[in-house]
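These notes are about the structure you will find just below.
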Amino acid sequence: MKSVGYFVLLFVFGLVGCSENKTSTLRGPVHLSADVTVHQLSAQEKSPFLSRKIQLDQNTSCEDRIAKMVCLSKNTQADFDRDCEFGHVPAGVIQKLQKIMEELPPVHRKVFCHLDRIQLHQNIFSIGYATQVQDEWGMPAGYMFGMREDVLNGSGKDYFSWKEQLNFGLSDPHDDKARVSPEGPTVQVEMNSANPTLLYVMTHELSHIVDMLNGADNIDYDKCQTSPVHNYWKDCPVPSTAFNSISWGPHMTVIDDSQDVDWNHAEMPDNKYFWSASHPLYAKFCFYFCGGKTLPPNDVQASYQELQNSTFLTSYSTSSPMEDFAEASALWALGDSGRDLGIVVKDKAGIALFDSRQQMLNPELQSKLKWLHEFYNRGNLKTDAAVN
Ligand SMILES: [Zn+2]
């Protein structure tokens, strides 16, 4: 699997399409973030994909569409699966998706009701993921998301605590039982919903699609300083109107991940983010991609204290601009629709170390919340791949 990092921004670049030369580096499957991928349809995949798309478009009811777009995948890769099986999904699973659709915030519901497919996996490395499906020219042909089937069915596995503990080496990224250490932090998703975890996961993944459709994150690649090293662009300006300018500063270094970067030898700046020096602990949060470089468990408390003094709404927001948008967007939109979502991190004694609801009151975060408010109230947001 390709590593993840700054190359997330390549994706934004792909969407805005600056030059043929750079967009051509986007060949799927490319991992744009821990849970965002691009899949370019092969010649064999294109025809079944498009004929299903036409079938779906003839359905006006979202409920009918959900029943037709969900499939079961044996693939352990977070990516479009050409062998995903339609037609064998238990009725209870379809009903659950139809029910949760009603709880989604308005824009997310529209995006959900225009998806091309939902892949349910028995096992993937992340909890869920979002994918842009591209045609042979690299243009968006549709959107889908995938997730673990047991997130939908309620396995009792504590995926959020497991994911959080990966940063401290207390849980194992390859453990399909997602076991959690009693020594580590735990995460609770608190929400005014019958199924808070599922609603949060879906709103997060759909937020990635909202971002991909509307270019919430952006970067001006034409004005990057050319790097002497082939696999990254240095000091690329971030437009001041873009969401990522709020927490990631006016310039970013962008790794080109499309060429199997050798991360052990890639020339990486020591301070990879402009906030790394002032927030050295959470700058080391790594989630699925720690490569043995985890934070010591002794740093748990100090890490979340540091996070409280940041412009990030959750720990996962720190992993990339796209995750920052997906997390903030889910929190804002679910909050705005009266769900009162709180992501609460507790220490091993059960004492709260971090609560996203408290974080939302942080004065430094108000510009981010205002940005989201204005974005979601624009009225002209794209909700599917069709040209509006
Ligand atoms: Zn994500």
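Counted from 1, the sequence shown has number 187 at position 187 by the working numbering; the numbering is strictly sequential. Each residue gets a CB set at the ideal place from its N, CA and C atoms; glycine is no exception. Nothing here was measured: the structure is a model prediction, and the numbers come from that model.
Check	Outcome
Alpha-carbon to alpha-carbon, V70 and V89	7 Å
Residue closest to Y282, alpha-carbon to alpha-carbon, out of F312, G292, G291	F312
Inter-residue CB distance, F168 and P297 (contact presumed, cutoff 8 Å)	5 Å
Cutoff 7 Å; reference D81; Cβ partners in own chain excluding five residues on either side	S73, N75, Q119
V187 CB to nearest heavy atom of ligand 1 below 8 Å	no
Neighbourhood of R65 by C-beta, 7 Å cutoff - its chain only, sequence neighbours within 5 removed	L56, N59, C113
Residues of its chain near P237, where Cβ-Cβ distance is below 7 Å and the 5 sequence neighbours each way are ignored	D220, K223, P250, H251
Residue span of the alpha helix (DSSP H) that contains P140, given as start and end	P140 -> not in any alpha helix (DSSP H); beta strand (DSSP E) instead, spanning 140-148.
Between the CA atoms of K177 and K157 - distance to the nearest angstrom	7 Å
Member of E323, W275, M101, D347 whose CA lies at the smallest distance from the CA of Q301	D347
V36: CB within 8 Å of a non-hydrogen atom of ligand 1	yes
Cα-Cα separation, N377 to W371	10 Å
T129 to D35 span [Cα, whole Å]	Note that residue 129 is Tyr in the sequence shown here, rather than Thr. One C-alpha to the other measures close to 4 Å.
Own chain residues within Cβ distance below 8 Å of S356, not counting five before or after	L313, T314, L331, L341, G342, I343, V344
Counted within 10 angstroms of its Cβ, other Cβ atoms place K293 as buried (16 or more) or exposed	exposed
Cβ-based burial, Q40 [other Cβ within 10 Å; buried from 16]	buried
Residue nearest to L353 in terms of C-alpha spacing, selected from V187, C84, D135	V187
Rounded C-alpha distance that separates S24 from F145	Any reading at S24 is ruled out, since the residue's pLDDT is 27, under 50, leaving its predicted position unreliable.
Status (buried if at least 16 other CB within 10 Å, exposed otherwise) for S42	exposed
Run of the beta strand (DSSP E) containing I343, from where it starts to where it stops	342-346
8 Å CB neighbourhood of E183 in its chain, flanking five on each side removed	L170, P297, K348
Run of the alpha helix (DSSP H) containing L307, from where it starts to where it stops	300-308
Cβ neighbours of S276 in the same chain (closer than 6 Å, five flanking residues each side left out)	A283
P196 classed as buried or exposed, judged by whether at least 16 other C-beta atoms fall within 10 angstroms	buried
Inter-residue Cα distance where the pair is E102 and R148	21 Å
Candidates V254, A141, F125, G92, of which the one nearest E45 by Cα	A141
Backbone secondary structure at V30 - three-state DSSP	Since pLDDT at V30 reaches only 36, below the 50 mark, its modelled position is unreliable, and the value read off the structure follows with that caveat. In the structure shown, V30 sits in a strand (DSSP, three-state: E or B).
Backbone secondary structure at F285 - three-state DSSP	coil
Cutoff 6 Å; reference N244; Cβ partners in own chain excluding five residues on either side	D217, V238, P321
Cβ separation of E327 and S317, assumed to be a contact under 8 Å, to the nearest whole Å	4 Å
DSSP beta-bridge partners of G128	M147
Reference F86; option with closest CA among H373, P48, H108	P48
Identified DSSP bridge partners for A326	Paired residue(s): none; A326 is not in a bridge.
Beta-carbon gap between M202 and R339 smaller than 9 Å	no
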